[in-house]
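**Student:** Can you read through this structure? Questions will come right after.
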Amino acid sequence: MKIRTKYLLFVCIVHVTALLLSYFIFGRQKLLFLVAEVFIIVSVLIAWQLYNQMMRPLQLLVEGAKAIRDRDFTVKLVEIGMEEMDQLIMVYNQMIEELRKERTQQQQQHFFLEKLILNSPVGIVILDHDKRIQLVNPAAKSMLHTVSVQGWLLRDIDHPIFNEIRNMLQKKEQSYILQGAESYKIQVSAFIDQGFPRHFILIQEITAELLQAEKMAYGKVIRMMAHEVNNTIGPVNSILQSAYHMQPGTEKTGNLANALQVAIDRNNNLNKFMRNLADVVRLPDPHKKLIDVHELIDHVTVLMAETAKDKGISFHFDYTALPLQIFADQLQMEQVIINIVKNAIEAITDQDGGKITFETSLSPKKVVIRDNGKGIDAAVAADLFSPFFSTKSDGQGIGLTLIKDVMVKHGFQFNLAADGKGETAFTILV
Numbered sequence: 002m003k004i005r006t007k008y009l010l011f012v013c014i015v016h017v018t019a020l021l022l023s024y025f026i027f028g029r030q031k032l033l034f035l036v037a038e039v040f041i042i043v044s045v046l047i048a049w050q051l052y053n054q055m056m057r058p059l060q061l062l063v064e065g066a067k068a069i070r071d072r073d074f075t076v077k078l079v080e081i082g083m084e085e086m087d088q089l090i091m092v093y094n095q096m097i098e099e100l101r102k103e104r105t106q107q108q109q110q111h112f113f114l115e116k117l118i119l120n121s122p123v124g125i126v127i128l129d130h131d132k133r134i135q136l137v138n139p140a141a142k143s144m145l146h147t148v149s150v151q152g153w154l155l156r157d158i159d160h161p162i163f164n165e166i167r168n169m170l171q172k173k174e175q176s177y178i179l180q181g182a183e184s185y186k187i188q189v190s191a192f193i194d195q196g197f198p199r200h201f202i203l204i205q206e207i208t209a210e211l212l213q214a215e216k217m218a219y220g221k222v223i224r225m226m227a228h229e230v231n232n233t234i235g236p237v238n239s240i241l242q243s244a245y246h247m248q249p250g251t252e253k254t255g256n257l258a259n260a261l262q263v264a265i266d267r268n269n270n271l272n273k274f275m276r277n278l279a280d281v282v283r284l285p286d287p288h289k290k291l292i293d294v295h296e297l298i299d300h301v302t303v304l305m306a307e308t309a310k311d312k313g314i315s316f317h318f319d320y321t322a323l324p325l326q327i328f329a330d331q332l333q334m335e336q337v338i339i340n341i342v343k344n345a346i347e348a349i350t351d352q353d354g355g356k357i358t359f360e361t362s363l364s365p366k367k368v369v370i371r372d373n374g375k376g377i378d379a380a381v382a383a384d385l386f387s388p389f390f391s392t393k394s395d396g397q398g399i400g401l402t403l404i405k406d407v408m409v410k411h412g413f414q415f416n417l418a419a420d421g422k423g424e425t426a427f428t429i430l431v
């Protein structure tokens, strides 16, 4: 039963009882009975006035409590002229004003934080208490190259970055560099939300920074080596050529002539090797123009057709119906595709049944070059794009380094991995 009902019931019972008692006591004395009735009426009026004075402030406070419950901090109470109640109303209004200011400040901070997260060039992933993906900002989505994972449990996502995040959380590591075709710096931090720890992950692509640092590290050495080797090769080749042509007879035969020819060829190969090294260091900025990727691939396949034919390798094409046009440096992109196809041909060891497939897509703009060669060993996958690293006995480790440099300068995303179908796929998002 409400206080208001109790009060009214109490007043009614008291005054009805007083009325009955006055009747029985002063029933024969009309004057005293009338005086008693007047007192009862005055008492009722006073009780009603007290009721209004007490219940109105209480009603105001109830309305204020409802406003707080509904998170409406704009409702304020009006003073009623009673000192005690006016003080209570003043305290309530001050509390509401502070709550309103705090809520406004929190909304502004939340809005700023939301904009900061959405527009940050650093990938941000926020987990809830159960390690479920609560938020993935656009930068992180771009780095992940995958469909939306928001709402997924971390353990259910099979992706190199998320796999490493799980390992970091288990080992309680705070920072890790994930290297490969694209390199990332992953940082894990935590904050307390409602008494429970929650994690957020910062993912920063550092491919360009690492590439620049690598080039600075080996560029000076390569330039010095190229200078010294070229200064030596020229005079040595001149002497060898002179000695070769001084051999008697029109046909240059014999052990000495063969040895001189081998030395000349080796010198030329060494000169070519040093030029390739120097090209990696001084790769110019791309001169971009609109090019047709299909025409570019067709040109490269014509160039590599004989080499592929000698190993029994066939080319297959899965082009989009419409041309795939991109802004890129034609010469650099041509060299990239040549290197990819050359590696694919060398990876196919079977003389029959070798296949290289070229796929294109418009949404998203993508080029995929697949081969059914021997695949990629997981133990060396992370080092494939490292300078001078090669799995071939006679490899120089330049081809993939050049590809990586060209892709980074163009701002294209790329990946080299097994596609789960027994094939190796080099994917370029253009």
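Just so you know, we're using this note's numbering here: the sequence shown kicks off at 2 and counts up by one. Cβ atoms here follow ideal geometry from the backbone N, Cα and C, with glycine treated the same way. Computed from a predicted model, the values in this text were never measured in an experiment.
(1) Leaving out five residues on either side along the sequence, give the residues of the same chain with a beta carbon under 7 Å from the beta carbon of T308.
(2) Measure from the alpha carbon of M83 to the alpha carbon of each residue in D159, M55, E424 and I97, then state which is nearest.
(3) Figure out for me which residue from T208, I90, H146 and Q171 has the closest Cα to the Cα of H200.
(4) Would you kindly work out how many angstroms separate the C-alpha atoms of L145 and V368, rounded to a whole number?
(5) First and last residue of the alpha helix (DSSP H) that includes A345?
(6) Tell me the rounded alpha-carbon separation between T251 and R267.
(7) With respect to the alpha helix (DSSP H) encompassing L170, which residues constitute its N-terminal and C-terminal limits?
(8) Indicate whether the contact test is met: 3 or more Cβ pairs, each with one atom in the region 54-74 and one in the region 24-33, closer than 8 Å.
(9) Ends of the beta strand (DSSP E) at G355?
(10) Between which residues of its own chain and P198 is the CB-CB distance below 6 Å, once the five residues before and five after are set aside?
(11) Among the residues of its own chain, which have a CB less than 7 Å from the CB of E80, if the five just before and after it don't count?
(12) First and last residue of the alpha helix (DSSP H) that includes D73?
(13) For L128, count neighbouring Cβ atoms within 10 angstroms of its own Cβ and tell me buried if that reaches 16, exposed if not.
(14) Just curious, the beta strand (DSSP E) that N416 is in, first and last residue?
(15) Starting from D131, trace the alpha helix (DSSP H) both ways and give me its first and last residue.
(16) Put L261 into one of helix, strand or coil per three-state DSSP.
(17) Should H160 go down as buried or exposed, given a rule of 16 or more other Cβ atoms within 10 Å for buried?
(18) Please report the Cβ distance between I202 and Q188, rounded to the nearest whole angstrom; I am assuming they are in contact, meaning their Cβ atoms lie under 8 Å.
(19) If contact is defined by three or more beta carbon pairs under 8 Å, each pair taking one atom from either stretch, is the region 314-327 in contact with the region 289-300?
(20) Measuring alpha carbon to alpha carbon, tell me which of T233, R5, A260 and I265 ends up nearest Q242.
(21) List the residues that DSSP assigns as beta-bridge partners of K405.
(22) What did DSSP end up calling A379 once you bin it into helix, strand or coil?
(23) Within the same chain, show all residues whose beta-carbon is closer than 7 Å to that of K301, passing over the 5 residues directly before and after it, in chain order.
(24) Rounded to a whole number of angstroms, what is the C-alpha to C-alpha distance between I204 and V407?
(25) Taking the alpha helix (DSSP H) that R371 falls in, what are its first and last residues?
(26) Can you tell me whether N120 is buried or exposed, with buried defined as 16 or more other CB within 10 angstroms of its CB?
(27) Starting from K312, follow the alpha helix (DSSP H) in both directions and report where the run begins and ends.
(28) Taking the alpha helix (DSSP H) that P139 falls in, what are its first and last residues?
(29) Under a three-way DSSP split, which group does P324 fall into?
(30) Using DSSP bridges, identify the partner residues of G124.
(31) Any heavy atom of the ligand HEM closer than 7 Å to the Cβ of E424?
(32) By the DSSP assignment, the beta strand (DSSP E) with V17 in it spans what residues?
(33) Please go through the same chain and pick out, in chain order, the residues whose beta-carbon is closer than 8 Å to the beta-carbon of V133, but skip the five residues on each side of it.
(34) Please classify K375: is it buried, with 16 or more other beta-carbons within 10 angstroms of its beta-carbon, or exposed?
**Tutor:** A quick look at the data gives this:
(1) I346
(2) M55
(3) Q171
(4) 18 Å
(5) Q331 to A348
(6) Below a pLDDT of 50, predicted positions are generally treated as unreliable, and T251, at 48, falls in that range; no measurement from the model is reported.
(7) P161 to K172
(8) no
(9) G355 to L363
(10) A191
(11) D87 and I90
(12) Where D73 is concerned, there is no enclosing alpha helix (DSSP H), given that its DSSP letter is neither H nor E.
(13) buried
(14) Q414 to A419
(15) Neither: D131 is in no alpha helix (DSSP H) and is coded neither H nor E.
(16) helix
(17) exposed
(18) 7 Å
(19) yes
(20) I265
(21) Paired residues: none, contrary to the question.
(22) coil
(23) In the sequence on display, residue 301 carries Val and not Lys. Answer for V301: E335, I338, I339 and V342, listed in chain order.
(24) 23 Å
(25) No alpha helix (DSSP H) holds R371; the beta strand (DSSP E) holding it covers K366 to D372.
(26) exposed
(27) First-last for K312: undefined, no H or E at that position.
(28) P139 to L145
(29) coil
(30) I204
(31) This structure lacks the ligand HEM; in fact it carries no ligand of any kind.
(32) First-last for V17: I4 to F27, but that is the alpha helix (DSSP H), not the beta strand (DSSP E).
(33) The displayed chain sequence assigns Arg, not Val, to residue 133. The answer, listed in chain order, is G152, W153, L154 and L155.
(34) exposed
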